[in-house]
Each structure stands twice: as C-alpha cells, then as structure tokens.
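Written out below as structure tokens is the structure these notes cover.
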Amino acid sequence: MKQDHEKDSTQGSRNDSVIVLKGVTKKFGSKIVLDNVSLGIQKGQTTVVIGPSGCGKTVLIKHLIVLLRPSSGEVYYRDRRIDNLDENELNKVRTHYGFLFQGGALFDSLSVTENIIFPIRQHCEIKDWAQVEDLVKSKLAMVGLDGFQNYFSASLSGGQRKRVALARAIALNPEVILYDEPTTGLDPIHSDVISELILKLQRELGVTSVVVTHDMTMAYKVANRIIMLHNGKIIADGDADHIRNHPHPTVQQFVNGQVSQDDLAVLRMSGTVAQGQFLPRDFEQ
Amino acid sequence: MIGAVGARTIGGVNDIGRFARFVWQSMIASFRTSLSPCTYPLIWTQMYIIGVRSVPVVMITGAFVGMTLAVQAYDQLAGMGLEEHLGVLINISVVKELGPVLAAVMLAGRIGGALTAELGTMNVTEQIDAVRSMGTDPIRYLAAPRVLACLLLTPFLIIFADLMGIIGGYFVSVVTLGINSRAYWSFSASGVELWDVSIGVVKGFFFGVALAVISCYKGFTCKEGARGVGQACTEAFVSSFFSILALDFALAVIFKSIYNTFWPLKSLV
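This is the structure we're talking about:
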C-alpha cells in the first residue's frame, strides 16, 4: 500500500494540491538529475524534501517555481500548467510564491528595508510610504528583527541574513513559501529559530511550505509530510513516523546519519595516516 | 576527433544563439525601461557609476593621445616644412578614430570588468535567481539600466576624451614645440569638419551598447566560484575589445560610403 503511494506521490492529493509535478525529468548534459518525478504539494501543509547532497533537492524545488524548466514532464500551479509559459506570464505566477535561498540571496547593495520592499516596488504602485514602512516593520517583527531596517547584508550574521530573506519572501503575502536548505551553515540554536519561524508562518499565515533540507531535526519538527529523494527518484513519502520506520536501507542510513558499507570500503581503500600520508606538520620545518 | 569537433561547433553555435537572444531581450527591455519613469532612478544610479566616475580616466587617456600624436608627427611634418599643419593631423585623428576607440577601450576595462564582476557575483550567489523568483525580469531590472547608461554616456565621455586630446595636442605643439598658435588653429579649423566630430560621437553609441551588452551577458552566464567570475571578467574585456575594433572598422566603411554619396566632389578634392 505504502509502496503504491510512493510510486505516484500525486495520488490521493490532486484535488487539494497547490503545485503538481507530473513525470518531471531534468537532465544537465547527459546527467539525469530528476528522473520521472511525480509529486503533489498539498495546500496549507509543510512538505519537507530530504536526501543526500547532490541528489537533486535544489533542482526539484527550483522546478516548483519554474526557475528551471523540466527536460520532460509538466508542472502545474493551481491546475494551470506553468512550465510552458513565457517569462512574462511566469513572473505573474511567481508573485504567489516566496523563495528563501540557501545563502539568503539578499541584494548586498540594498539595505534591509530596500530588500524587503523590492518585490512590493516591482508589483505595486507605492502611494503611501508610511504604510510601506509599517509593512516592513511588521514583516521584520515576524522574523524577530524589528530595528534592523537600516542595516546592510554585510553587517548581518548568517542567521539574521536568512531571517531578513524570509521577511522579503513573505513581503507579498505569498500562498507558497519554498525554503532551500534554510538551516545550512547555522548553529543548532539558530537552526531551531528558523524551524520555529516556519511553523509560525504556517500557523499564522496558513501558507503552503516546501522545505529542502538534510537536517533531520528540522525535518521531524516542521514536516506534515517528508519525501526522500535518491538518485533523482522519490524513494520514500509519508509522515515523520513512516520515514523513521521506513524499511528502505538508504532511508534508514540517511535518517540515522550512518555511513554506508560502500563508503566505508572506499575509505579503507584510500589508505590511512599511519600508512605514510603527509600531515601539515611534516612541512613545518 | 570528429565527434569532439562537432560537439565544439554545436556548443559555439548555441553560445552565439544565446548571446543573440540576450541582445534582443536587452534591447526590448531597454526600450521599455526608457518609457517607464519609475525605473529612471535605476538609470541615474548607473549613470553616476558608469559615467561620472569614468570622466577622469577618459580625460587622462584623451590628453595623452593628443600629446603623443604631437610628439610623433612633428618631425615628419617639420621635415617637409608643414609643421603648422600638425593641428589638422592631431585633431582629425583624435576626434575621428583614436579618441573614440581608446576611450571605449578604457571604458571596457573600467566599466565592463566591474559590470561583469558585479552581475557574475550576483549570479553565483543566487541574487539573479532571487530577482526572478520575485516575479521580476532580471534583464529589465539589472541589464537594461546598465545598457541605457552606457548608451547615453559613452558619447559624452568620448567628447571629454576628444576635448582633452585637442588640448593635449595644442599644449605640446604650441607651448613645447613652438608652432604658431594662430596657424595651428587656422589649419585645424579648415581640416576638421563637423562630420568628423560627429562620426566619433556616433561611434560612441555603438561602442557603449556593445560593451554593456557583452559585459552583462558574461555576468549573467558566469560559472560558479571565484575562478568563474574572474574568467567571465577576462572574457568580457577581450570580447568587448574585439567588438569595439570590429565595430570601428564597420562604421568607418559605412560612414565613408555615406560621405561619398552626399559629397562626392569634396571627397575627390
């Protein structure tokens, strides 16, 4: 039963799916990064995509907003096919999304305020600047950074940058928020702050969230549903308990953070320090 | 072997196609931006960075071109007793060819490198993807203001280079080499026409667009990492440099044909 569910992750959820991928394959040259992936993102839920580095998680999340176009397959937003739209049409669809990039992707030549009002400026005619200032204040307050309006990206810490980027992502009150590795490079406490923010936004704004991560603590905390990608395919799909007890050995290795026997064999073959490898101190004469 | 040549050829054709598409999109975006007053602040900012800050570099280049021409040409003309014609040679060379080309090359180095590095860094740090994810066309937001700023200001910068070239040539010819000032200007005025000055300025529009579009394209398509950005900057300068030289040749042929069409007799004289 579960296996059937994992074969087509759009089944049983198509009616309340905000975004649907149908048979999406993505190739870069001869390398297949996504291999016939079908997936439905359910409204109001937080879907977490896990998987080892390089398995295609970021490529998958970029397909949800069509920052990358599939080599074959289809992408739908609210039952409208969007992967074949031109950029002008896509730009209108993208106003319904917020995207938190791995490094934040704040514009370093702009202040925090200017970063947050960037999408507002692009899509709305600003008549009342006092109202915009209030909006910036409220968005920053949501991420706990009110008072940082005049800071620049360079003077913020990694965690603060991600929170400002999140404030920017919610500036247009999007229906869907996509998070690409939101806790990468953060210490456990700041990672937990980001997890709490994701939960808060889902609770208060009712947004649909897709989180790409390999941080299992975060995945278990925020997910209504967890999907595991491996070699461009979905190999597990279900709630946190289903993933925790999944029989697939790759899933078990990943969620428990265990190295595989193949990787161990490679490490053994590559030799050891005791077998005569140089250390930095060998050159310190 | 044949497969490798074929793959390289297909790759080259793809690159040309992508560049042509980028040029077309940049032109459309620039036209739309020029009609939209709300994007003017972006253009003013780029005009300040690209134009105002380049004035000293371009003026110094122009001055040295004029001074060097005077020193190099004096002996040949003096040998024939034509040293008072030095002004014609210097000024026509400066306003028609050397001023525009060398000013554009300096701009390709100063602005082109900076544009590519800035946009390349934005590309590798996903800032360009961030612009797209917020429903904004990055070519319209990032490339168009830079293209318009280069288009509008390169001709003005060339005028500055010409002016300093003329002053530099005059200074060396009259003050250092002792040529009669009145004769210098008199021969210059009779030899250099408004047409010659206009050619140089009109070339500036083409050079400005070429270096801006090439630099933006290299920034937008830059590969990841510090090495990728560095390589993109080098490629941007080299491509801009060759484009300026090729455009200069093409425009020289076109302007000569136009001149000969309208003033055939004068050309013969």
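Going line by line, the protein sequences match chains A and B.
Going by our numbering, the first sequence opens with residue 1, and the numbers climb by one from there.
Going by our numbering, the second sequence opens with residue 1001, and the numbers climb by one from there.
Just so you know, even glycine gets a beta-carbon here, dropped at the ideal spot from N, CA and C.
Since the structure is predicted, the reported quantities are computational estimates derived from the model, not experimental observations.
Does residue 95 of chain A come within less than 8 Å of chain B when only Cβ atoms are used?
yes
Which ranges does the beta strand (DSSP E) cover as unbroken runs of at least 3 residues, wholly within the region 14 to 79 of chain A, from first to last along the chain?
17 to 28, 31 to 42, 46 to 50, 72 to 77
May I ask you to list, following chain order, the residues of the region 117 to 150 of chain A that have a beta carbon less than 7 Å from some beta carbon of chain B?
118, 119, 122, 123
Return the bridge partner residues of residue 226 of chain A from the DSSP annotation.
A/48, A/238
Does the region 1208 to 1228 of chain B come close enough to the region 1146 to 1164 of chain B to have 3 or more Cβ pairs within less than 8 Å?
yes
Taking residue 1270 of chain B as part of the beta strand (DSSP E), name the residues at either end of that continuous run.
Since the first residue shown for chain B is 1001 and the last is 1269, residue 1270 of chain B is missing from the structure and cannot be characterised.
Please state if the CB of residue 1087 of chain B and the CB of residue 1184 of chain B are separated by a distance shorter than 8 Å.
yes
Would the region 1112 to 1121 of chain B count as touching the region 1243 to 1250 of chain B if we require 3 or more Cβ pairs under 8 Å?
no
As assigned by DSSP and simplified to three states, the class of residue 99 of chain A:
strand
Would DSSP call residue 176 of chain A helix, strand or coil?
strand
Let me confirm a value: residue 1256 of chain B is counted as buried when at least 16 other C-beta atoms fall within 10 Å, else exposed. Which label applies?
exposed
Is it a yes or a no for the region 215 to 226 of chain A touching the region 42 to 53 of chain A, going by three-plus beta-carbon pairs under 8 Å?
yes
Check residue 1172 of chain B in the structure and name its three-state DSSP category.
helix
Looking at the C-beta of residue 1132 of chain B, does it have a partner C-beta in chain A at a distance below 8 Å?
yes
Using a 10 Å radius around the Cβ and a threshold of 16 neighbouring Cβ atoms, would you call residue 1004 of chain B buried or exposed?
exposed
Grab me the residues of residue 314 of chain A's own chain with a C-beta within less than 7 Å of its C-beta, minus the 5 sequence neighbours each way, in chain order.
Nothing can be reported for residue 314 of chain A, as the shown portion of chain A is limited to 1 through 285.
Classify residue 4 of chain A: buried if its beta carbon has 16 or more other beta carbons within 10 angstroms, exposed otherwise.
Summary for residue 4 of chain A: the model assigns pLDDT 44, below 50, so the residue's position carries little reliability; its value from the coordinates is reported in the next sentence. The residue is exposed, with fewer than 16 neighbouring Cβ atoms inside 10 Å.
Hey, residue 100 of chain A and residue 141 of chain A: beta-carbon distance below 8 Å or not?
no
8 Å Cβ cutoff, residue 1125 of chain B in contact with chain A
yes
Who are the Cβ neighbours of residue 1124 of chain B in its own chain at under 6 Å, not counting the five residues just before and after it?
1224
Can you pull the chain B neighbours of residue 67 of chain A, defined as C-beta to C-beta under 8 Å?
1129, 1132, 1133
Does the separation of the CB atoms of residue 81 of chain A and residue 74 of chain A fall below 8 Å?
yes
Using a cut-off of 8 Å between C-beta atoms, extract the partners of residue 92 of chain A located in chain B.
1135
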